[in-house]
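In what follows, a single structure is set out as structure tokens and then discussed.
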Amino acid sequence: MKKILALVAEAYGGGGGIAQTNRDLFEALHQKFEIFVLPRKSNPIQSVLPKNIQQEQAVMNRLWYAKKAFQVARREKIDFVFCGHLLMAPLARMISKTKNIPLWVHLYGIDAWEKPSGMVRGAVEHAELVTAISRFTRRKFLSWAGNSPEKVKILPVTYGEVFQPGSKSESLVERYGLTGKRVLLTVGRLAAQEKYKGHDRVIRALPEILKQVPDAMYVIAGEGDDKKRLETLAKDQGVSDQVLFIGYISEKELPALYRTADVFVMPSAKEGFGIVFLEAAASGIPVVGGQEGGSLDALAEGKIGRMIEADNISQLEEALLQGLRLPRVKNEAVERFSRARYAAHAFKMAENL
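Just add 956 to the spot in the sequence shown (first one is 1) and you have our numbering.
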């Protein structure tokens, strides 16, 4: 069985799209590959790790992280290095060169859109394989990198089978006081550096929505340092009572939360992809997203969800009102991102490498 050393920011024990993407990839490969995961942060729950996957304890310090990575590389007969973040490419390149093994660099999104330092660029240009989760990220990467285009491939994200259509969760409706409400939902970090996700634009659109749908409620799931600004904006817009911040939602409850919503909305201007679009569409609710960045791929150019200009409030208002009139049925176009298709695609890449 071939062995992979995976250098990542987060995987098991981590939250957010990057950690989930890493987990999905490793679980697509673990039947035929033994994978040693070394994260910078977030530790795993050992009891739930799939077979053939071992995750080392997280190491935040860069020097200690590098030391740990070389220790694992010496301890195990590694067949190739997987680098899950562009800024880790120099370390991954050093290990691949020392061990004389291939290097695979995976690009999630915005980190690869701008030309990095010479050290990072030099490292990633030695990769035998570079994968990007969207065509947009691939194009941005090739605009500054000297890699051969045929070695830079698309590996989109996938979604779990737990995301299926169904009735609203009575327990969540009761917990959050949503009885009789028409729910607009956004799931994502409330990070000041990620204002581009568009929570504020939905809040600005809400007064017009409420004129036509008085029982509308905007539910925001996620935590972060931008919450205070958004709360202030909701107050200024006169919609504080119609904006509900529910904080962190567990993976276990996330499928039920999607089914409790009537429309999923995230008018992001810079999304690397947007796995939440797939999860929502698979759960049977209409989806509204921005047409910029990797969202174009996640929304299948309009087949999976309604695309709008991210900062066009009137378009957003119209799309949300239309979404509230649509039936709750699974969008079959989302099947192109199914686990089975993703696993076959990822496994072929790893085998070829």
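Cβ coordinates follow ideal geometry from the N, Cα and C atoms, glycine included. Values in this document were obtained by computation on a predicted structure and should not be read as measured data.
Extent of the continuous alpha helix (DSSP H) to which residue 1146 belongs
Residue 1146 -> no alpha helix (DSSP H), and no H or E assigned at all.
Specify the secondary structure class of residue 1027 as computed by DSSP and reduced to three states.
Three-state result, residue 1027: helix.
Kindly give me the distance between the Cβ atoms of residue 984 and residue 1238, rounded to whole angstroms, as I take these residues to be in contact under 8 Å.
Between the beta-carbon of residue 984 and that of residue 1238 there is about 18 Å, and that puts the pair past the 8 Å contact cut.
Do three or more CB pairs link the stretch 1204-1216 to the stretch 1111-1125 at distances below 8 Å?
With three or more CB-CB distances shorter than 8 Å, the stretch 1204-1216 counts as touching the stretch 1111-1125.
Rounded to whole angstroms, what is the Cα-Cα separation between residue 1138 and residue 1186?
Taking the straight line joining both Cα atoms gives about 20 Å.
For residue 1032 and residue 962, what's the separation of their Cα atoms in angstroms?
For residue 1032 and residue 962, the distance between alpha carbons rounds to 12 Å.
Is residue 1287 buried or exposed, if buried means 16 or more other CB atoms sit within 10 Å of its CB?
Buried, since its Cβ has 16 or more Cβ neighbours within 10 Å.
Is residue 1061 near the ligand GDP - that is, is its Cβ less than 8 Å away from at least one heavy atom of it?
Of the ligands one can find in the structure shown there are none, so the ligand GDP has no counterpart to examine.
Apart from the five residues on each side of it in sequence, which residues of its chain come closer than 7 Å, Cβ to Cβ, to residue 1075?
Result list for residue 1075: 1046, in chain order.
Just checking, does the stretch 1225-1245 make contact with the stretch 1255-1266 on the three C-beta pairs under 8 Å criterion?
Contact holds between the stretch 1225-1245 and the stretch 1255-1266, because three or more Cβ pairs, one in each stretch, are under 8 Å apart.
Burial state of residue 978, where buried means 16 or more other Cβ atoms lie within 10 Å:
With 16 or more other Cβ atoms within 10 Å, it is buried.
According to DSSP, which residues form a beta bridge with residue 1208?
Bridge partners of residue 1208 according to DSSP: none are assigned.
Cβ-based neighbour list, residue 1203, same chain, cut-off 6 Å, excluding 5 preceding and 5 following
Short of 6 Å from the beta carbon of residue 1203, and not among the five residues preceding or following it, lie these beta carbons of its own chain, in chain order: 1179.
What does the alpha-carbon distance come out to for the pair residue 997 and residue 1022?
Linking residue 997 to residue 1022 through their CA atoms gives a straight-line distance of about 14 Å.
For residue 1020, does the count of other Cβ atoms within 10 angstroms reach 16, so buried, or fall short, so exposed?
Looking at its Cβ environment, which holds fewer than 16 other Cβ atoms inside 10 Å, residue 1020 is exposed.
Where does residue 1033 fall in DSSP's three states?
Of the three classes helix, strand and coil, the one that applies to residue 1033 here is coil, per DSSP.
Skipping 5 residues on each side, what residues in its chain have a beta carbon closer than 6 Å to that of residue 1289?
Here the set comprises 1256, 1259 and 1260.
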